[in-house]
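For the sequence shown, our numbering begins at 288 and goes up steadily by one.
Glycine is no exception: its CB is placed at the ideal position from the N, C-alpha and C atoms.
Scroll down for the structure; my scribbles are underneath it.
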Amino acid sequence: MANGRNDEIDLLDLVLRAVRIIRDNFWMILIFFVLGTALGSMHYFSSVKVYENKMIVSSEIMTESYSKKLIDNINHYLAEGNTKALTSLLGISAETASNVGVVRIESPYSNESEVAKEEDRKYFIITVEVYNQDILPDLQKGLINYFENNAYVKVRVNQKRTGYQETIARYDQEIKDLDGLKKRIYDGDFFNNTKGSVVFDLTSINKELVELTIKRLEVKDKLELVNSVQLLEGFTRFNNPVKPRLSVSIVAGSFVGLIFVSILIAFKSIRKLLRMEEAAREAKR
């Protein structure tokens with residue numbers, strides 16, 4: 288019971304000491320707090336603002352891992368500060384290249400198990416950090432051209448385009464043959480050249496024509512979207528930067544001010560203790 292009471296007294300004594308330290312150094316603490324807050328605000332308003340912008344693209348050609356590899360090449364040049372290489376790689380101006388901080392690409396799927404195969408992940412989010420949002424149109428165009436002009440991508444696009452065109456040609460021929468057969472049946476030419484009785488269900492022919500027409504339209508749609516990258520949503524300008532944040536700068540500045548004043552108070556306390564010790568020694572002599 289006595290130990291518990293002693294602990295309460297020690298804790299109360301510690302609190303009272305802290306209160307006395309704050310009371311004795313109140314104005315110094317307040318001044319350094321205000322100075323730290325002011326420095327944090329100055330840092331925010333004087334630092335380079337970083338804006339984060341996103342665009343959404345789709346691709347029938349590129350896989351997610353290959354797309355990230357292409358982005359890694361861009362970030363490598365950004366880390367080196369190699370503006371000349373970026374202007375050549377993306378076909379953008381030197382001003383645009385110098386105002387890009389980082390480029391990231393990610394899948395919009397929150398859980399990759401939602402799409403079993405990587406080849407089926409056809410949508411990507413490209414995120415950029417820039418220092419000037421005026422460059423976004425030039426950067427957007429440069430990134431799209433960069434993906435489309437890749438040698439591997441060009442070959443795959445040509446292969447798919449040729450395949451779709453050949454498939455459409457086959458559908459056209461099959462539709463033409465069925466239309467010709469249907470016309471011959473209606474005109475009676477088919478039965479005149481056929482020995483014996485032949486029964487035809489024109490409904491099945493019409494159904495086959497409809498199915499072939501639908502399949503042809505589906506392939507035609509794929510042909511029109513055969514380009515390596517389709518822009519679904521371009522970069523959007525925002526008013527507020529992502530870095531630095533005013534609230535974080537102010538809190539950090541005030542915290543630094545409090546740390547600095549704490550060091551000064553601790554230094555003063557140590558000096559006071561040393562002087563008291565010296566005075567005690569002199570009193571004993």
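Cβ pair residue i, residue j closer than 8 Å
| i | j | result |
| --- | --- | --- |
| residue 520 | residue 349 | no |
| residue 425 | residue 379 | yes |
| residue 518 | residue 433 | no |
| residue 504 | residue 461 | no |
| residue 337 | residue 435 | no |
| residue 412 | residue 430 | no |
| residue 345 | residue 410 | yes |
| residue 510 | residue 448 | yes |
| residue 327 | residue 549 | no |
| residue 358 | residue 392 | yes |
| residue 492 | residue 465 | yes |
| residue 386 | residue 525 | no |
| residue 522 | residue 446 | no |
| residue 533 | residue 353 | no |
DSSP-derived helix/strand/coil call for residue i
| i | result |
| --- | --- |
| residue 402 | Its pLDDT being 49, under 50, residue 402 is placed unreliably in this model, and the value from its coordinates should be taken loosely. The answer is coil: DSSP assigns residue 402 none of H, G, I, E or B. |
| residue 350 | coil |
| residue 411 | strand |
| residue 445 | helix |
| residue 493 | helix |
| residue 553 | helix |
| residue 373 | helix |
| residue 380 | coil |
| residue 512 | coil |
| residue 547 | helix |
| residue 319 | helix |
| residue 362 | helix |
| residue 386 | coil |
| residue 432 | helix |
| residue 525 | coil |
| residue 558 | helix |
| residue 368 | coil |
Residues bridged to residue i [DSSP beta-bridge criterion]
| i | result |
| --- | --- |
| residue 338 | 417 |
| residue 391 | 414 |
| residue 530 | 337 |
| residue 343 | 412, 520 |
beta-carbon residue i near the ligand SAM non-hydrogen atom, thresh 7 Å
| i | result |
| --- | --- |
| residue 309 | Of the ligands one can find in the structure shown there are none, so the ligand SAM has no counterpart to examine. |
Assess, as a yes-or-no matter, whether the region 362-376 is touched by the region 448-459 under the definition of 3 or more beta carbon pairs within less than 8 Å. no
Sufficient close CB pairs (3 or more, under 8 Å) joining the region 539-553 to the region 310-319: yes
Kindly confirm or deny that the region 522-542 and the region 297-312 touch, where touching means at least three C-beta pairs closer than 8 Å. no
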